Amino acid sequence: MTLLEDRPVTTQSPISVPRSPVRRRRHTRRILAGSGWNLLGVLVGLVMIFPVYWMVTSSFKLGVNLRRVDPQWFPAPFTTDSYRRALEQPRFLGSLLNSLVVVGSTALIALVIGFLAALALARMNFTGRKALVILVITIQMVPIEGLIIPMYLMLNKAHLTDKSIGLILAYLSFVLPFTVWMLRGFIAAVPKDLEEAAMVDGCTRGQAFRRIILPLAAPGLVATTVFAVIQAWNEYLFAYVLIKQNTNQTITVWLDTFITTKGVDWGALMAASTLVALPIVVLFAIIQRKVATGLTAGAVKG
Amino acid sequence: MTTTSAPLPPAPAATSRRRGGRGPGPRSGFTPWLMVAPLLLVLAVVLAVPLVRLLIVSMQKYGLDQLIGGRTATFVGLQQYGDILTSEDFWAALSRTVQFVVVAVGLTVGLGLALAHLLAKVARPVRTFLMLSMVTVWAMPPIIAMPIWRWLIDQRFGVLNYVLFKVGVLPTRTFNWFKEPLTGWMVITAIVVWGALPFVVISLHAALTGVSKDHVEAARLDGAGAWRVFRFVTLPAIRPTLMIVITLSIIWDYRVFAQIWLLRDIGANKDSYYTIGIWSYVESFSNKNFGYGAAIALISVLLLGVLSAVAVRNVLRSSDEESRS
Chain D
57 MTLLEDRPVT TQSPISVPRS PVRRRRHTRR ILAGSGWNLL GVLVGLVMIF
107 PVYWMVTSSF KLGVNLRRVD PQWFPAPFTT DSYRRALEQP RFLGSLLNSL
157 VVVGSTALIA LVIGFLAALA LARMNFTGRK ALVILVITIQ MVPIEGLIIP
207 MYLMLNKAHL TDKSIGLILA YLSFVLPFTV WMLRGFIAAV PKDLEEAAMV
257 DGCTRGQAFR RIILPLAAPG LVATTVFAVI QAWNEYLFAY VLIKQNTNQT
307 ITVWLDTFIT TKGVDWGALM AASTLVALPI VVLFAIIQRK VATGLTAGAV
357 KG
Chain W
915 MTTTSAPLPP APAATSRRRG GRGPGPRSGF TPWLMVAPLL LVLAVVLAVP
965 LVRLLIVSMQ KYGLDQLIGG RTATFVGLQQ YGDILTSEDF WAALSRTVQF
1015 VVVAVGLTVG LGLALAHLLA KVARPVRTFL MLSMVTVWAM PPIIAMPIWR
1065 WLIDQRFGVL NYVLFKVGVL PTRTFNWFKE PLTGWMVITA IVVWGALPFV
1115 VISLHAALTG VSKDHVEAAR LDGAGAWRVF RFVTLPAIRP TLMIVITLSI
1165 IWDYRVFAQI WLLRDIGANK DSYYTIGIWS YVESFSNKNF GYGAAIALIS
1215 VLLLGVLSAV AVRNVLRSSD EESRS
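If you read the sequences in order, they're chains D and W. Count along the first sequence from 1, then add 56; that gives the number in the numbering used here. Count along the second sequence from 1, then add 914; that gives the number in the numbering used here.
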């Protein structure tokens, strides 16, 4: 646009002179239209984020201010009392711990198994490789909630309902396929030439793997782990069906039981929701950067 | 460890050893199979076996007697499938599911396209703010949306009710959204669309920035209006992304469970919220009629299978293009 404005001055073309007022008018119109779009953009952004804003601010409000006829738009006075009440809720910390155990184990197992398989799928040539790749993609499309009935029946028979191990197994059914798929992509993105060059220079296959593939695929590994953690942390249906005893419950189901008990303590509920969302938001922020630096930084160029 | 020089059946191995080729290296004997073995084992246990079991149970009368009493289930063949396909409940649930998916996907993709265009039009700080707001919503665990939205539409202190009442949309502040199925579904749809929008907008925005500016400019100079530019220049360019986004949205919205399950509790007439997924769940876990529920679940899986096949083909094609470039 600045180029267009400059042109009448720099060029000697005769037709550019009569055109310039039109251009100027068009320019101002564009600015006006632009500010209209900007206004709309801000508005949309505000509407989108409002529920999150409302959750966080509600968690910092006094009980009286939560129950006002005219809503209180900012939390003043500011209090963390709701968080204290949320933490004091029976089984909140226990459920949090259960979630941590299940999510951590799921992610770890998926990562180890998935990495081995992804390495083979991305880097080795063997009969059936293509079929396996197709299998891994197809499996991701299976609506796992359709499998909840047989899984419940089987785990029930094996006396694994109400146990973390049963839930971990169930979670692997949806975490593992996409872990393999993502890792395969990240490993395949490491240029083969680098690995081959290392092997020409005398590295064994194991050394080439450790010194070339692993460091270069590391950001991808982090991103995949985080995705696995997010998926498992957010899961609700399996935990709801497979774990019946409250003491073994995960945090997502705990949140739901908290709502249905009589007379909702909205402040504490919003505080608990904020606490449950917080680790996921932080992880999201981490992979945003990691993935960006990992994929764009010049590690490969150097 | 098998090395590259491992002696393999001579003739075929020699031909498949394409050092400089595109293939992922020389054949490596059994090692790759050892590496994928754990994956296959776990997938067999957590996916293949349950899938077979689902098929078997769907052909059995399987209730509490079998679950706790340990009695053997009676085989009834395809009878339960017949019952389902001839029952009114099934067609009601199917039509409810389809309606919900059509509306939710239409709104998500329509709004997503509009917002992706908006992102391209606004000034940089506004774009950053919009992106930040989108990513924050994206990062929210879906389960969190339920307490939040329940609080937003709370009958006594819900801020959404307050605003909509002030604006004149709602007749009363204490409006109960789940009194009528229609308004209840509106809330559920709003929650689902709200949660799904960020992914759609960000994907489509990325696709839009990839559209050649020269082509758009050329079309404009040729006198094409905004709609024609979109229809004949932008749309073909973003088509692959759009297709993937639409298929994924359909699959995700078809699978929506918690949003419906947790909110329908608020109101009466809970049956008006039975989608196929919810119905299957209720039949198996509330009515303890696992065989019947399994048959519904299997029909549901099959229905989705058609869509998924399309999605798989899309993903495969795009990954092919990736490896080719």
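C-beta atoms are modelled at their ideal positions from N, C-alpha and C, and glycine is treated no differently. Being a predicted model, the structure only gives us computed values, none of them experimental.
Setting aside the 5 residues that flank it on each side, W:Ala1209 is surrounded in the same chain by Ser972, Gln994, Tyr995 and Ile998, each with a C-beta closer than 7 Å to its C-beta; the list follows chain order. Partner residues in the beta bridge of W:Lys975, as assigned by DSSP, are W:Thr988. Taking C-beta atoms under 8 Å as the contact rule, W:Pro1095 and W:Ser1186 qualify, at a distance of about 4 Å. With the criterion set as a beta carbon lying under 7 Å from some beta carbon of chain W, the members of the region 140-169 of chain D are Ile169, in sequence order. Along the region 1177-1211 of chain W, the alpha helix (DSSP H) occurs as fully enclosed runs of 4 or more residues at 1190-1195, listed in sequence order. Cβ atoms of D:Ile204 and D:Val297 come within 8 Å of each other, at about 6 Å. For the pair W:Ala1018 and W:Ser1009, the Cα-to-Cα distance works out to about 14 Å. Taking the C-beta atoms as reference points, D:Trp237 is found no nearer than 8 Å to D:Ile165.
About 11 Å separates the Cβ atoms of W:Leu953 and D:Leu175, ruling out a contact at the 8 Å cut-off. Classified as buried, W:Trp1193 has 16 or more neighbouring CB atoms from the shown chains inside 10 Å of its CB. Identification of chain W residues near D:Arg123 by a Cβ-Cβ cut-off of 7 Å yields Phe1071, ordered along the chain.
Of all residues in the region 201-235 of chain D, only Glu201, Gly202, Leu203, Ile204, Ile205, Pro206, Met207, Tyr208, Leu209, Met210, Asn212, Leu225, Ala226, Leu228, Ser229, Leu232 and Pro233 come within less than 8 Å of chain W when Cβ atoms are compared, listed by chain position.
8 Å or more divides the Cβ of W:Leu1025 from the Cβ of W:Val1106.
Counting along the chain, D:Asp249 sits inside the alpha helix (DSSP H) bounded by residues Lys248 to Val256.
Interface flag for W:Thr1148 against chain D is unset, since no Cβ pair is found closer than 8 Å. Contact of W:Met973 with chain D by beta-carbon distance below 7 Å is absent, the smallest such distance being about 13 Å. In the three-state scheme derived from DSSP, where H, G and I count as helix and E and B as strand, D:Asn154 is classed as helix.
Between D:Thr330 and D:Ser115 a beta carbon distance of about 5 Å is seen, short of the 8 Å cut, so the two are scored as contacting. Contact annotation: D:Ala324 and D:Ser91 have beta-carbon atoms that are not nearer than 8 Å.
Here the region 265-275 of chain D makes no contact with the region 1037-1048 of chain W; the two share fewer than three CB pairs at distances below 8 Å. Using a Cβ-Cβ distance cut-off of 8 Å, the region 1109-1119 of chain W and the region 1153-1167 of chain W are in contact, since at least three pairs of beta carbons, one from each stretch, lie closer than that value. By the neighbour-count criterion, in which 16 or more other beta carbons inside 10 Å mark a residue as buried, W:Phe1204 falls on the buried side.
Ranked by Cα distance from W:Leu957, the options D:Gly119, D:Glu201 and D:Ile195 are led by D:Ile195. Rounded to whole angstroms, the gap between the alpha carbons of W:Ile982 and D:Asn302 is 21 Å. In the DSSP annotation of this structure, the continuous segment of the alpha helix (DSSP H) that includes W:Asp1167 starts and ends at Leu1149 to Tyr1168. The criterion of a C-beta distance shorter than 8 Å is not satisfied by W:Thr1155 and W:Leu1021.
Excluding its 5 nearest sequence neighbours in each direction, D:Val157 has C-beta neighbours in its own chain below 6 Å: Ser220, listed in chain order.
Between D:Ile243 and D:Thr162, the gap from beta carbon to beta carbon reaches 8 Å or more.
The DSSP-derived three-state label of W:Asn1090 is coil. A straight-line Cα-Cα distance of about 32 Å links W:Ala1059 and D:Val168. For W:Phe1146 against W:Ala1133, the beta-carbon gap comes to about 7 Å, under 8 Å, which counts as contact. In the assembly as shown, W:Asp1068 is a buried residue. Its beta-carbon has 16 or more other beta-carbons within 10 Å.
By the rule that beta-carbons nearer than 8 Å mark a contact, W:Trp947 touches chain D. Across the region 1058-1084 of chain W, CB contacts with chain D closer than 8 Å involve Ile1058, Ala1059, Met1060, Pro1061, Ile1062, Trp1063, Arg1064, Trp1065, Leu1066, Asp1068, Arg1070, Phe1071, Val1073 and Tyr1076, in sequence order along the chain.
Straight through space, the alpha carbons of W:Asn1075 and W:Gly1082 are spaced by roughly 10 Å.
By the rule that beta-carbons nearer than 8 Å mark a contact, W:Phe1014 does not touch chain D.
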